[in-house]
């Protein structure tokens with residue numbers, strides 16, 4: 001349903017540099033689509049077009065651009081234009097912008113902010129990265145419990161224009177302390193002369209600005225809220241976070257879990273997951289990936305030592321090597337499945353720490369069935385290549401390797417969570433590497449027992 | 454911030470079976486928390502407590518329970534109680550309930566529905582699984598463009614009570630055709646005598662009921678909508694989907710990608726990802742996991758044939774086996790990273806099919822750097838164990854294996870998407886297995902060249 005952006009009309013506007021006509025065509029577009037259009041234009045056109053947009057619309061479009069393009073656009077604007085743009089941005093978008101720009105751009109931006117905006121931005125930036133304070137907005141509507149619904153609605157009419165949302169308004173006492181939240185829906189549906197107190201349900205959830213963004217995402221998902229209030233230690237209402245800001249947080253969080261599960265690190269060259277691998281530099285991708293890979297090289301060396309330990313039997317029965325990659329590979333595959341299932345279940349809250357014993361038992365039986373089925377599958381191949389004894393060695397090894405790998409793949413995320421680490425650190429490559437070592441030890445131990453007989 | 458549910462007060466209520474007092478304490482809780490409380494109670498208490506809750510609250514709590522518990526609870530209620538409960542459920546929750554219950558329960562439910570509810574439920578169920586029609590609700594408020602804002606607000610007051618949301622209302626013409634959507638915010642902030650037409654912006658996105666839920670999720674994320682209208686082929690407004698229903702869809706979608714990336718199938722014993730691995734039976738987990746694992750056994754057999762092909766050189770230089778698991782393991786690790794990054798980037802829309810060439814070039818350079826670094830790391834070990842020639846064989850093999858695995862890991866998701874398959878089918882275990890085969894061929898080919906010299 002997303003429309004083709006570069007319509008013949010738009011292409012003609014650009015070719016004939018009819019910026020004013022183009023602006024009139026674009027102002028009814030959603031800001032996200034105008035942002036997409038800007039992404040697909042070249043540099044002089046981009047800035048020219050942005051300049052022609054009405055101020056508040058320009059700010060909305062600007063906050064939908066990628067950080068890289070924002071940086072580029074700021075370079076093309078005069079100081080005066082940047083000042084106007086900054087003044088129009090929402091405080092949370094402004095804080096996000098200043099946070100993501102290189103240091104020299106940040107300095108320029110700080111110099112261009114009005115004293116009040118600077119105060120607001122610094123205030124938002126005082127919270128640690130990943131905290132609710134970073135995404136909250138101080139633009140909300142507060143009402144008093146003693147107002148009538150009619151008074152509350154006219155207060156909302158007067159002060160609601162600058163608010164990020166008025167679907168939910170917040171009831172505070174005379175000191176600014178949060179008392180309750182009331183949805184606009186309830187106000188509209190109540191008789192005008194009712195007191196606000198009568199539509200309150202006394203049921204309020206609030207967060208500290210220092211609270212982790214992930215916690216807020218979990219709350220908003222569980223309770224289907226559209227906005228959450230942020231309070232200080234005395235319960236004074238400081239700001240709100242809205243569902244659309246938290247959806248972006250939730251998406252970044254999921255990307256972080258994916259990347260971790262793929263053994264991509266979160267640290268080198270800035271915190272958190274790589275925002276766009278399309279835009280990421282080769283050097284950033286390299287630094288994010290090399291850490292785990294080199295660590296795993298050294299873990300994988302142990303597989304070699306396992307082989308060294310059994311070198312005699314390998315030299316005596318070279319045919320055994322035929323089944324080695326098959327056996328250790330299958331162990332790694334089954335173990336990765338277990339780790340992936342557990343990491344996701346811990347992230348969604350499906351499985352909790354208390355379920356360790358229950359999940360262990362279940363994994364035991366599932367992996368036994370998997371091992372037996374896969375053992376039966378390889379027995380045929382092994383029997384055909386090396387007779388009964390090789391068949392038995394390979395099949396029994398398969399059962400034990402699959403079970404061991406699955407149980408490690410299932411336990412490791414639990415152990416990591418228990419010690420306050422992210423369960424997703426139990427990545428598929430890590431489990432596969434551990435399965436390699438374990439697999440070699442199990443296989444050749446069984447082989448040397450049986451072949452000694 | 455989630456409160457401890459089994460407070461001393463609640464425990465006492467349960468022990469003394471004071472259901473009425475307990476109900477009074479619970480009705481101000483969010484329904485999701487009461488549902489959690491029910492999950493933690495035993496069977497007779499559960500049904501007793503649910504029975505005591507006020508009707509509409511009971512329905513809200515009920516729709517937050519897991520399908521398994523819903524099934525159990527329905528078994529404990531009389532036909533009359535079930536009928537009352539069904540009448541109170543939202544149409545979309547009711548359709549979801551009927552969809553998820555076993556066939557005999559579904560038959561019982563259909564028999565207990567009132568004729569209008571049955572019609573509504575059947576109508577919602579007429580759309581294919583995974584379509585927007587399945588999650589839309591016919592409970593919305595529609596207004597006319599000719600109304601004044603004041604008339605529209607009093608219309609909303611009158612008809613808005615049963616609506617799933619009134620944060621957005623929909624403007625239709627006299628035939629029921631969708632004309633525009635207007636947020637409650639704009640109505641509240643406009644002067645009462647303004648015509649609705651004057652607050653419309655002519656900018657409307659709508660969906661067909663047959664449209665895929667994932668498409669709706671993408672739209673809601675991109676445009677920060679709170680609700681989307683669903684229309685038929687003539688543009689008549691049929692229903693709406695709200696952000697909270699779509700967030701559940703989005704979460705299931707992400708789980709599906711995780712499971713696929715871990716080589717867990719979506720088909721055996723019902724469509725879609727396993728909803729809860731905590732609740733899933735051993736037999737379901739087994740069936741979902743065994744398909745790919747057995748397929749990969751047969752793929753891994755090719756690694757054995759690779760070894761068979763080079764059996765002579767292995768028998769001659771057994772020391773070469775020492776580095777085999779290390780080299781193929783590292784290839785698999787690097788390849789899984791590439792596949793994971795690409796699968797996620799294609800899912801979020803960061804990377805599109807058009808970016809194939811750009812991503813290929815980037816992957817080429819990243820994997821070259823990764824290969825060189827890892828090659829340097831193993832050169833030391835290999836030199837120490839086998840002298841210069843072994844060192845060179847191992848280091849050169851590492852570079853080529855890492856590059857080949859990364860490029861396969863990066864290309865496979867693109868190829869799958871190109872042929873209309875889910876890119877996440879390029880799972881970490883599949884890439885690892887392919888890297889095993891490729892790694893063995895590359896390593897021993899190079900070794901036999903160098904050792905022939």
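Chains as they are written, first to last, in my numbering: chain A, 1 to 453; chain B, 454 to 906.
Even glycine gets a Cβ: it sits at the ideal position worked out from N, Cα and C.
Predicted model only: the values in this text are computed from it and were never measured.
Within chain B, the residues placing a beta-carbon under 7 angstroms from that of residue 351/A are 730 and 731, ordered along the chain. Residue 388/A counts as exposed, since fewer than 16 other C-beta atoms from the protein chains shown sit within 10 angstroms of its C-beta.
Rounded to the nearest angstrom, the Cβ distance from residue 622/B to residue 635/B is 6 angstroms, consistent with a contact under 8 angstroms. The alpha carbon of residue 823/B has as its nearest neighbour, out of 77/A, 381/A and 297/A, the alpha carbon of 297/A. Residue 679/B belongs to the set of residues whose beta carbon lies under 8 angstroms from a beta carbon in chain A. Here the C-alpha atom of residue 407/A lies approximately 24 angstroms from the C-alpha atom of residue 449/A. Residue nearest to residue 51/A within the set 68/A, 67/A, 66/A and 75/A is 75/A (criterion: CA-CA distance).
The beta carbon of residue 21/A sits no closer than 8 angstroms to any beta carbon of chain B. In the structure shown, the three-state DSSP call for residue 352/A is coil.
Per DSSP, residue 689/B is not a residue of any beta strand (DSSP E), being assigned neither H nor E. For residue 447/A, not one C-beta of chain B is nearer than 8 angstroms to its own C-beta. Proximity of chain A to residue 739/B at the Cβ level (cut-off 7 angstroms) is accounted for by 366, 369 and 370, in chain order. Here the stretch 547-565 of chain B lies against the stretch 574-587 of chain B, with 3 or more beta-carbon pairs under 8 angstroms apart.
Closest in alpha carbon position to residue 135/A, among 61/A, 38/A and 238/A, is 238/A. Counting every other CB atom within 10 Å of its CB across the protein chains shown gives residue 885/B a total of 16 or more, marking it as buried. Taking every protein chain shown into account, the CB of residue 7/A has fewer than 16 other CB atoms within 10 angstroms, so this residue is exposed. One thing to note: residue 444/A has its Cβ within 8 angstroms of the Cβ of residue 313/A.
Residue range 184-189 is occupied by the alpha helix (DSSP H) that includes residue 184/A, with no beta strand (DSSP E) assigned at that position. The C-beta distance from residue 240/A to residue 230/A rounds to 6 angstroms, short enough to fall under 8 angstroms.
At a cut-off of 4 residues, the continuous stretches assigned as alpha helix (DSSP H) that sit fully inside the stretch 5-47 of chain A are 8-15, 19-26 and 31-40. Residue state for residue 322/A is assigned as helix, using DSSP reduced to three classes.
In the three-state reduction of the DSSP assignment, residue 660/B falls in the strand class, which pools E and B.
Comparing alpha-carbon positions, the option among 380/A, 349/A, 390/A and 409/A lying closest to residue 364/A turns out to be 409/A. Exposure of residue 12/A is indicated by the presence of fewer than 16 other C-beta atoms within 10 angstroms of its C-beta.
In summary, residue 110/A is exposed, with fewer than 16 beta-carbon neighbours lying within 10 Å of its beta-carbon over all protein chains present. Here the stretch 355-364 of chain A makes no contact with the stretch 315-335 of chain A; the two share fewer than three CB pairs at distances below 8 angstroms. Among the bridge pairs identified by DSSP, residue 142/A is matched with 170/A.
In the structure shown, residue 448/A falls within a helical segment according to DSSP collapsed to helix, strand and coil. Using a Cβ-Cβ distance cut-off of 8 angstroms, the stretch 250-262 of chain A and the stretch 790-797 of chain B are in contact, since at least three pairs of beta carbons, one from each stretch, lie closer than that value. Scanning 607/B, 832/B, 463/B and 730/B for the CA closest to the CA of residue 477/B turns up 463/B. A residue is called buried once 16 or more other Cβ atoms fall within 10 Å of its Cβ, and residue 44/A, having fewer, is exposed.
Within its own chain, the residues whose Cβ lies closer than 8 angstroms to the Cβ of residue 685/B, once the five positions on either side in sequence are excluded, are 661, 662 and 691, listed in chain order. Interface residue (Cβ-Cβ distance to chain A less than 8 angstroms): residue 603/B is not classified as such. Taking a C-beta distance under 8 angstroms as the contact criterion, residue 743/B and residue 242/A do not qualify as a contact pair.
For residue 159/A, none of the residues of chain B pass the 9 angstroms Cβ criterion, the least Cβ distance being about 10 angstroms. Contact residues of the stretch 690-707 of chain B toward chain A are 696, 697, 700, 704 and 707 (C-beta to C-beta distance below 8 angstroms).
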